[in-house]
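K.L.:
If you're matching them up, the sequences are chains A and B in order.
Here the first sequence stands for residues 1 to 365, where the numbers follow the UniProt record's numbering.
Here the second sequence stands for residues 1 to 425, where the numbers follow the UniProt record's numbering.
The beta carbon of each residue, even a glycine, is placed where N, CA and C say it ideally should be.
Below is the structure I would like to discuss, written out as structure tokens.
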Amino acid sequence: MAARIHGGAGAGAATALSTFNPKKLVAPSRTNLPARSSKRCIVAAAGSDASKSLRVGHSQKLIANAAVATKAETSATTGTGHELLLFEALQEGLEEEMDRDPHVCVMGEDVGHYGGSYKVTKGLADKFGDLRVLDTPICENAFTGMGIGAAMTGLRPVIEGMNMGFLLLAFNQISNNCGMLHYTSGGQFTIPVVIRGPGGVGRQLGAEHSQRLESYFQSIPGIQMVACSTPYNAKGLMKAAIRSENPVILFEHVLLYNLKEKIPDEEYICNLEEAEMVRPGEHITILTYSRMRYHVMQAAKTLVNKGYDPEVIDIRSLKPFDLYTIGNSVKKTHRDVPTPYAGTLEEWTVVQPAQIVTAVEQLCQ
Amino acid sequence: MATAFSATLPLHGSSSQENRLLLPPTRLPPPPSSFLGSTRSLPFRRLNHAHAARRSPVVAVQEIVKEKKPTNPLLITKEEGLVLYEDMILGRSFEDMCAQMYYRGKMFGFVHLYNGQEAVSTGFIKLLTKSDSVVSTYRDHVHALSKGVSARAVMSELFGKVTGCCRGQGGSMHMFSKEHNMLGGFAFIGEGIPVATGAAFTSKYKREVLKQDCDDVTVAFFGDGTCNNGQFYECLNMAALYKLPIIFVVENNLWAIGMSHLRSTSDPEIWKKGPAFGMPGVHVDGMDVLKVREVAKEAVIRARRGEGPTLVECETYRFRGHSLADPDELRDAAEKAKYAARDPITALKKYLIENKLAKEGELKTIEKKIDELVEEAVEFADASPQPGRSQLLENVFADPKGFGIGPDGRYRCEDPKFTEGTAQV
């Protein structure tokens with residue numbers, strides 16, 4: 001089983017998940033799984049047909065833990081391409097969409113003159129002007145609502161939360177208006193907003209700045225959630241999200257902004273509802289997304305040495321789940337600990353590769 | 001300016017007969033540069049009265065009206081008067097009919113009626129064009145009607161029928177109409193104000209970025225209780241900062257369900273909060289449709305000229321309870337009687353007849369016509385079908401691919417069971 005990376009309907013995607021091995025633990029499938037932690041371990045079928053699955057053309061290398069891995073060499077199989085960092089990829093996607101459609105605008109704190117707190121919108125204000133790249137005052141609820149009102153009346157705003165945690169202040173607007181207005185207006189108004197921002201555990205940023213909000217937003221009907229993890233899918237997802245008529249929340253991760261990768265020169269978008277096959281395997285499926293992908297890949301290295309063959313899937317689409325790729329058996333492990341400030345404590349709360357290895361070994365007993 | 005109605009009773013001891021306008025202090029911000037709010041220094045350093053004279057000042061209502069020197073000493077013409085009268089009668093009859101239907105079990109849930117406040121809706125919305133936007137709260141039936149949504153569509157929506165303006169999916173508190181630019185209908189108070197700010201932002205964006213000829217204004221209606229909510233202040237700040245074409249209309253009916261405005265607000269004079277953000281704050285008698293209309297004209301002209309937002313506080317009153325489920329026991333009978341004597345419809349009728357703008361007979365014809373219209377709306381709503389089961393999933397996403405890819409590898413929305421409403425999601 002696999003997922004295509006270039007935009008395309010899931011209908012044409014590769015093979016279905018084949019038979020279960022009854023000896024393995026199988027949990028009943030659930031359709032609307034709340035995303036609790038950023039790591040998933042499931043037991044997959046023993047006989048998945050790895051040969052037919054599409055391999056991801058880039059980034060098969062296992063990337064080290066922290067995101068300062070600028071040394072990761074990748075080869076784009078799609079021709080010459082150009083190398084850039086993840087935040088530059090986001091910027092490129094955003095700039096291309098703003099060039100393409102004059103209704104696309106950006107609003108958020110420090111997105112204009114400052115260039116964005118993580119430089120995702122650097123240079124855009126000079127190019128497009130102060131109204132298209134709007135520096136807002138510090139009022140998340142109001143400017144998110146303003147973005148929603150603008151979307152209802154014809155614009156396509158990209159709302160940046162300086163940190164995803166700040167979007168808790170905008171929860172009223174996101175939950176009641178963003179998700180529901182299309183429905184309560186009987187389909188009259190569409191809300192084509194993109195709400196994006198960095199989140200997750202950084203380097204000793206403290207508990208409030210290190211929250212994962214995916215679980216809170218999972219319960220909101222009417223929105224889509226995606227998480228990017230590589231420069232390639234960051235740009236692709238950003239473009240797809242802007243072009244989508246649905247409200248999309250794009251989760252980025254603070255520590256991944258400096259990931260370097262070669263991406264194609266030509267235009268491409270990633271499918272918003274599809275997951276990405278990172279490493280096909282046969283013994284066990286590990287579902288992951290965002291930064292945990294790299295922890296898992298590191299653990300996978302150890303697992304391979306120990307004789308296991310894990311299949312790693314980057315689910316990318318958090319709401320709705322790509323059930324086709326994920327398959328029918330899911331077992332959820334839940335870790336939900338607020339991250340304390342001290343660095344060493346932080347290390348212990350974030351799932352480490354060694355723990356992933358142990359968990360897989362336990363499951364495969 | 002000439003007061004249209006003879007007696008106006010003071011608001012709790014303080015005099016409020018005239019329209020009061022408070023201008024922002026003379027330390028006006030410097031003229032807008034190409035960057036929004038970026039390179040200005042704090043106004044304190046540039047306190048210079050000569051400077052102030054050169055900048056375009058905020059003009060008071062009284063001055064504008066004095067400049068015009070109307071040939072007609074009256075505030076309205078006959079046609080305008082009849083339009084205003086018909087609109088207010090429609091609002092009143094419709095709400096009365098809603099109450100009847102509710103008690104007969106035709107509609108359920110929360111229904112908030114607008115009786116007594118018609119002057120505010122009519123006074124503002126009848127000055128707007130079709131492309132201007134209106135944003136309201138849960139007390140939105142009459143705003144929708146004034147904006148042009150048909151009584152049939154609103155009544156059907158209240159009955160939950162598929163012919164309603166939102167296909168039966170919104171209900172009493174969510175009246176939306178894309179055609180008439182009625183942007184809702186919001187259940188939580190204050191929720192609509194940022195949306196209104198966004199609509200005003202689009203208007204400015206269209207003019208300045210897309211270079212279209214757009215001078216649409218947005219009018220946001222909300223109550224006195226909302227004026228203690230953070231979203232209100234955040235939006236006042238942004239609207240004044242970006243000079244958005246928006247009018248914030250406070251329908252101060254003194255009560256937020258059972259909480260008196262005076263018990264919950266440190267400074268009950270809401271119009272004063274405008275100048276704190278750099279926009280004019282106006283207080284007007286909201287039981288007098290002509291006074292409201294005069295203030296509205298000025299505010300709309302300001303917004304269309306690109307001079308920015310205005311905060312208008314309308315002193316008004318709701319004759320019924322907060323909603324049809326509210327026993328309305330806290331309000332004093334004397335207070336109710338005081339405001340009932342200032343019924344906006346009776347007052348306009350008196351004005352029209354006294355100033356020979358209309359005859360009793362003409363007004364009676366209008367009332368009869370509206371009664372028939374509302375009855376017909378009820379019949380239409382009764383006869384309309386309920387929404388089908390397949391409608392359940394139809395409008396959740398604008399792009400139904402958002403329901404994702406199912407276990408069989410296809411998009412869920414392509415599944416035939418999906419449109420029949422029997423698919424599992």
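Give me the residue from A/E245, A/G187, A/D265, A/E273 with the minimum Cα distance to A/A228.
P.N.:
Going by the sequence as given, residue 228 of chain A is Cys instead of Ala. It is A/E273.
K.L.:
Could you check whether B/S156 and B/D216 sit closer than 8 angstroms to each other, using their CB atoms as the reference points?
P.N.:
Result no, Cβ atoms of B/D216 and B/S156 do not sit closer than 8 angstroms.
K.L.:
Would you give the residue range spanned by the beta strand (DSSP E) that B/F222 belongs to?
P.N.:
Start and end: 218-223.
K.L.:
Less than 8 angstroms between the beta carbons of B/V312 and B/F248, yes or no?
P.N.:
In contact: B/V312 and B/F248 (Cβ atoms closer than 8 angstroms).
K.L.:
Per DSSP, what kind of secondary structure is A/E266 in: helix, strand or coil?
P.N.:
DSSP places A/E266 in coil when its eight states are reduced to three.
K.L.:
Check the C-beta distance from A/V296 over to A/I284 and give it rounded, since I have them as a contact under 8 angstroms.
P.N.:
About 11 angstroms; that fails the 8 angstroms criterion.
K.L.:
Is the beta carbon of B/G383 sitting closer than 8 angstroms to the one on B/R152?
P.N.:
Before going on, a small fix: residue 383 of chain B reads as Ala here, not Gly. Against a cut-off of 8 angstroms, the Cβ pair of B/R152 and B/A383 comes out as no contact.
K.L.:
Helix, strand or coil, according to DSSP, for A/R293 in the structure here?
P.N.:
It is helical.
K.L.:
B/N237 by DSSP, collapsed to three states: which one?
P.N.:
It is helical.
K.L.:
Along the beta strand (DSSP E) that carries A/R156, what are the first and last residues, could you check?
P.N.:
Note, A/R156: beta strand (DSSP E), 156-160.
K.L.:
Going along chain B in order, which residues have a C-beta closer than 7 angstroms to the C-beta of A/N172?
P.N.:
Under the 7 angstroms cutoff, chain B gives F188, E191.
K.L.:
According to DSSP, is B/A199 helix, strand or coil?
P.N.:
Helix.
K.L.:
Between A/G197, A/E160, A/F171, A/R156, which lies nearest to A/F189 when the distance is taken from Cα to Cα?
P.N.:
It is A/R156.
K.L.:
Between the beta-carbon of B/V289 and the beta-carbon of B/F94, is there less than 8 angstroms?
P.N.:
No, they are not a contact pair.
K.L.:
Taking the beta strand (DSSP E) that B/D285 falls in, what are its first and last residues?
P.N.:
281-285 is the span of the beta strand (DSSP E), which, as asked, contains B/D285.
K.L.:
Quick check: the segment 135-143 of chain A against the segment 186-197 of chain B, are at least 3 beta-carbon pairs closer than 8 angstroms?
P.N.:
These segments touch.
K.L.:
Where does A/S215 sit, in a helix, a strand or coil, going by DSSP?
P.N.:
In the structure shown, A/S215 sits in a helix (DSSP, three-state: H, G or I).
K.L.:
Within the continuous beta strand (DSSP E) that includes A/E83, where are the two ends?
P.N.:
Start and end: 82-85.
K.L.:
Buried or exposed for B/K206, going by 16 or more other Cβ atoms inside 10 Å?
P.N.:
That one is buried.
K.L.:
For a test of the three-state rule: what should DSSP assign to B/G184, helix, strand or coil?
P.N.:
DSSP places B/G184 in coil when its eight states are reduced to three.
K.L.:
Taking DSSP as the reference, what is the three-state secondary structure of B/M173?
P.N.:
B/M173: coil per DSSP, three-state reduction.
K.L.:
Could you say which of B/Y242, B/T77, B/A144, B/P416 lies nearest to A/L131 if we only look at CA atoms?
P.N.:
Taking only the C-alpha atoms, the option nearest A/L131 is B/Y242.
K.L.:
In terms of DSSP beta bridges, what is B/F248 paired with?
P.N.:
Its beta-bridge partners are B/A220, B/L311.
K.L.:
Residues of the segment 219-238 of chain B in Cβ contact with chain A at a cutoff of 8 angstroms, in chain order, please.
P.N.:
Result list: G230, Q231, E234, C235, N237, M238.
K.L.:
Can you pull the chain A neighbours of B/K178, defined as C-beta to C-beta under 8 angstroms?
P.N.:
Neighbours of B/K178 on chain A, chain order: S185, Q188, F189.
K.L.:
Helix, strand or coil, according to DSSP, for B/V374 in the structure here?
P.N.:
Of the three classes helix, strand and coil, the one that applies to B/V374 here is helix, per DSSP.
K.L.:
Identify each residue in the segment 108-133 of chain B for which the Cβ-Cβ distance to at least one residue of chain A is less than 8 angstroms, and report them in chain order.
P.N.:
The segment 108-133 of chain B vs chain A, Cβ under 8 angstroms: S133.
K.L.:
Report yes if the C-beta distance between A/R316 and A/A300 is below 8 angstroms; otherwise report no.
P.N.:
No, they are not a contact pair.
K.L.:
Using a Cβ distance threshold of 8 angstroms, determine whether the segment 159-169 of chain B contacts the segment 108-125 of chain A, with at least three qualifying pairs required.
P.N.:
Touching, no.
K.L.:
At 3 residues or longer, and completely inside the segment 92-140 of chain B: list those beta strand (DSSP E) runs for me, N to C.
P.N.:
The segment 92-140 of chain B contains these whole beta strand (DSSP E) runs: 133-135.
K.L.:
For B/H283, does the count of other Cβ atoms within 10 angstroms reach 16, so buried, or fall short, so exposed?
P.N.:
Its Cβ being crowded by 16 or more others within 10 Å, B/H283 is buried.
K.L.:
Using a beta-carbon distance below 8 angstroms, is B/Q386 in contact with chain A?
P.N.:
So, not an interface residue.
K.L.:
Tell me whether the beta-carbon of B/R410 lies closer than 8 angstroms to the beta-carbon of B/F418.
P.N.:
Their beta carbons are not under 8 angstroms apart, which means B/R410 does not touch B/F418 by this criterion.
K.L.:
My understanding is that B/I264 touches B/N237, with C-beta atoms under 8 angstroms, so please give their C-beta distance in whole angstroms.
P.N.:
For the sequence presented, residue 264 of chain B should be read as Ser rather than Ile. That belief does not hold up - the Cβ atoms of B/S264 and B/N237 are roughly 22 angstroms apart, past 8 angstroms.
K.L.:
Let's see if you can read the secondary structure: which residues bound the beta strand (DSSP E) around B/F397?
P.N.:
Where B/F397 is concerned, there is no enclosing beta strand (DSSP E), given that its DSSP letter is neither H nor E.
K.L.:
First and last residue of the alpha helix (DSSP H) that includes B/M155?
P.N.:
First-last of the alpha helix (DSSP H) with B/M155: 151-159.
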